[in-house]
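K.L.:
Pasting a structure below so you can have a look.
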Amino acid sequence: MRHDWSKLKKDKKFRVAGAVCLLLVLILGYFLFVKGRNNNKKPELALPKISTYQVKRADMKRHIVLSGHTTADATIVLAPKYNGHVKSVNVQLGDQVSEGDVLLVQDTGDLDIAIMQGEAATEAALADTETEEASYNANLARAGAAYEIEKSRYERQQYLYAIGAISLERLETAKNTYVTSKAEYDALMDQNNGSSPASVRSKLYNARKNAYNVDVLRKQREDMFIRAPRSGVIGYRNVEVGSYLTAGSKVLTLVDNSHLYVDCTLSENDAALLTTGMPVNVTIDAMGATYNGKVVYVSPAMSDESKSYSVRISLDVAKGNIKAGLFARTSLDILQRRDTLFAPKDALLSKNGKTTVFVYNPDTETVEEREITIGLINDDEVEILTGINEGEIVAVSSIDRLKNGGRVTLESPDEAGDGN
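Take this note's numbering: the final residue in the sequence shown is number 420, and no numbers are missing along the way.
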C-alpha cells in the first residue's frame, strides 16, 4: 500500500512539470507571433522638414574679405658701391635719420692720392696744350711771312725774266723757293681745319681725359660716403668701424614708415569687381583699432605663381603710429546688380546639366521642382534670371529629400515666406 502512494506522488510531479513546459511554449509562441505581425507592418515615414526663403527684388552684393600685412612706404637696402675699409659709422639701430645724412664713411686715402695725381696730370696736359698752341701759332706766323716774301720775290723774278733781265735758271730757283714756302704754309693751315690745329687738339684731348678721370675718382670718393636717400629709421645695421666691406654687401636698411599700406591678394572673381579709389575700413588686431583707407592698386594681370591678383590699400594713419609687418584685414560689400531676383545657393539643385529649385506652396504644403536660369553668383547667393517670380517661396534645406509634388512641413511657422 505504501509503495502505491509514492508512485502516485511521482506521477503528479511529472504532470505539473509538463503543464509548466506547455505554458512556457504557449507564451513563447504568442511572443513570436506578435513580433512577426509587428515586423510585417510598414512604418509611417516622417514628412521632410524644410526652411524657406521668399524670393524678392533687391540689390545683389558680393562680400569680399581681404587680409594681408602692413607694408612701409619704402624699405631700402644700403650697400657700398666699392670695396674698402670703414672709417666711421654715424648711426645706431633704430635711429631716425633725414634725407642726405651721412650714415657711413669708407676710407678715402688712396682715392685722395689718385685724385691729386690726376689733377696734376690734368694741369700738365693743359700746360702742354698751351705750349703746343703757342708753338703752332709762331710757326704759322713765320711760315705765312716767308710765303708772302717768296711770293713777292717770285712775281718780281717773273717780271725781270720777261724783260730779259735774268736767266731762266734764276726764275726757276725763285719759283722752287716760292712753291716750298707755300707748301709749308698750306701744311700748317691744313692742320687748323677746326677751332684749333690737330696737334693742339691732341694735347687738349689728353688734358680733358685726365680731367674726366679726376671727375670719376671724385664721384667714387663721394660714393664712399653712404647717405640716407630719404628720411626714415635704421632697421638693420651690420657694420663696424675698421671692417672691410665688399661692393654690394648689405650693411644698413632704411625703413620709411611715413606712409603705410596693406598688401593683399584676392581671387579672379573678386578682382573683377574691385577698383581703385574704393574706401575701406582696415582692422589691425595688434593695434586693437580700425583705420580708414582706400584701394590704390589692383594688379592688371594674374600672378603666374600664386594664381591671384595683388591689391594695395593706402592707410590714413598718423606718421610712425603703426609698424610694418602687422596683420591687417578688411571686408567690403560690392554691388553686383541693382534690383534683381536672387536666392541662396542652398536652394539650388544641379543634376543632368540642369539647375532646379523646389518652390513651396503654403496652401497645399507641397513643393514643385522647377528649372531655372541663373546669372551672377557670389559666396552665398545666385541671381535668378528665369523660372521664379518675385514673392515665390523656395526650400533652402533638405532639398535632397524632396520630390516634385511631395508634401513637406516647415521648421517653424514664422520662417515660411519670411526668408532666412
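Even glycine gets a Cβ: it sits at the ideal position worked out from N, Cα and C. As the structure is a prediction and not an experimental result, all values here were calculated from the model.
Classify V216: buried if its beta carbon has 16 or more other beta carbons within 10 angstroms, exposed otherwise.
P.N.:
The residue in question, V216, is exposed, as its Cβ has fewer than 16 Cβ neighbours within 10 Å.
K.L.:
With DSSP run on the structure shown, which of helix, strand or coil describes V251?
P.N.:
In the structure shown, V251 sits in coil (DSSP, three-state: anything other than H, G, I, E or B).
K.L.:
Going by C-alpha to C-alpha distance, which of V102, A395, R153 sits closest to A347?
P.N.:
Nearest C-alpha to A347: A395.
K.L.:
Looking at the unbroken alpha helix (DSSP H) that takes in E123, where does it start and where does it end?
P.N.:
Element bounds for E123: 109-162.
K.L.:
Within 10 angstroms of the Cβ of D400, are there 16 or more other Cβ atoms? Answer buried if so, exposed if not.
P.N.:
D400 comes out exposed.
K.L.:
Which stretch, first to last residue, makes up the alpha helix (DSSP H) that contains E425?
P.N.:
Outside the shown range of the chain (1 to 420) lies residue 425, about which nothing can therefore be said.
K.L.:
Measuring straight from C-alpha to C-alpha, what distance separates V89 and G248?
P.N.:
Each residue's alpha carbon lies about 17 angstroms from the other.
K.L.:
Output the boundary residues of the beta strand (DSSP E) element that contains V408.
P.N.:
V408 -> no beta strand (DSSP E), and no H or E assigned at all.
K.L.:
Kindly list the residues whose CB is nearer than 7 angstroms to the CB of V200, restricted to its own chain and excluding five residues on each side of it in sequence; keep chain order.
P.N.:
The residues are T129, E132, E133, Y136.
K.L.:
So who's on the other strand from D215, going by DSSP bridges?
P.N.:
For D215, which the question treats as bridged, DSSP gives no partner whatsoever.
K.L.:
Check each candidate in G68, K87, Q158, L260 and name the one with the smallest Cα separation from V102.
P.N.:
Taking only the C-alpha atoms, the option nearest V102 is K87.
K.L.:
Taking the beta strand (DSSP E) that D333 falls in, what are its first and last residues?
P.N.:
327-344 is the span of the beta strand (DSSP E), which, as asked, contains D333.
K.L.:
Given this structure, state the Cα-to-Cα distance separating E369 from N269, to the nearest angstrom.
P.N.:
In a straight line, the C-alpha of E369 is about 30 angstroms away from that of N269.
K.L.:
Sort H85, P48, L204 by Cα distance to R407 and report the nearest one.
P.N.:
That would be P48, whose Cα lies nearest to the Cα of R407.
K.L.:
In terms of alpha-carbon separation, which member of L168, I226, E119 lies closest to V239?
P.N.:
Ranking L168, I226, E119 by Cα distance to V239 puts I226 first.
K.L.:
So, under 8 angstroms CB-CB, M60 and E383 are touching, yes? Tell me the CB distance rounded to an integer number of Å.
P.N.:
So it is a contact: roughly 6 angstroms between Cβ atoms.
K.L.:
Compute the distance between the beta-carbons of V357 and I377, then report whether it is under 8 angstroms.
P.N.:
Against a cut-off of 8 angstroms, the Cβ pair of I377 and V357 comes out as no contact.
K.L.:
Can you list, in chain order, the residues of its chain whose CB lies under 6 angstroms from that of A46, leaving out five sequence neighbours each side?
P.N.:
Hits under 6 angstroms: none found.
K.L.:
Does D285 come out as helix, strand or coil in the three-state DSSP assignment?
P.N.:
Correct three-state label for D285: coil.
K.L.:
Cβ atoms of I322 and C264: under 8 angstroms apart, would you say?
P.N.:
Result no, Cβ atoms of C264 and I322 do not sit closer than 8 angstroms.
K.L.:
In the DSSP assignment, find the unbroken beta strand (DSSP E) run with Y236 in it and report its ends.
P.N.:
232-237 is the span of the beta strand (DSSP E), which, as asked, contains Y236.
K.L.:
Starting from the Cα of R142, find the closest Cα among R338, S331, D186, N404 and give me that residue.
P.N.:
Looking at the Cα atoms, D186 is the closest of the given residues.
K.L.:
With a threshold of 8 angstroms, are at least 3 pairs of Cβ atoms found where one atom belongs to the segment 293-301 and the other to the segment 272-279?
P.N.:
Counting Cβ pairs under 8 angstroms, three or more are found: they touch.
K.L.:
Looking at F342: is its Cβ nearer than 8 angstroms to the Cβ of H69?
P.N.:
No; because the gap between Cβ atoms is not below 8 angstroms, this pair is not in contact.
K.L.:
Could you check whether the segment 64-84 touches the segment 331-345, counting it as contact only if at least three pairs of C-beta atoms, one from each stretch, sit closer than 8 angstroms?
P.N.:
Output reads yes: the segment 331-345 touches the segment 64-84.
K.L.:
Please identify the residue among K351, D95, K403 whose C-alpha is closest to the C-alpha of I234.
P.N.:
If we check each option's Cα against that of I234, D95 comes out closest.
K.L.:
Let me know the secondary structure DSSP gives H3 once reduced to three states.
P.N.:
Residue placement at H3 cannot be trusted, given a pLDDT of 48 that sits under 50; the coordinates are not used to answer.
K.L.:
Which residue comes first and which comes last in the beta strand (DSSP E) that contains V55?
P.N.:
V55 -> no beta strand (DSSP E), and no H or E assigned at all.
K.L.:
Measuring CB to CB, does N210 end up less than 8 angstroms from G118?
P.N.:
Yes.
K.L.:
Who are the Cβ neighbours of E365 in its own chain at under 6 angstroms, not counting the five residues just before and after it?
P.N.:
Only R407 meet the Cβ criterion.
K.L.:
Whole angstroms are fine: how far does the CA of K307 sit from the CA of S267?
P.N.:
Using only the alpha carbons, I get a separation of about 8 angstroms.
K.L.:
Taking just the CA atoms, how far does I393 sit from A416?
P.N.:
Note that A416 scores a pLDDT of 46, beneath 50, so its modelled location is shaky and nothing firm can be said.
K.L.:
Assuming the contact rule is C-beta atoms closer than 8 angstroms, P80 and L245 should be a hit. Round their C-beta distance to whole Å, please.
P.N.:
Indeed, because the Cβ distance is near 5 angstroms, the residues count as touching under 8 angstroms.
K.L.:
Alpha carbon to alpha carbon, how far is T253 from Q336?
P.N.:
Taking the straight line from one Cα to the other gives about 44 angstroms.
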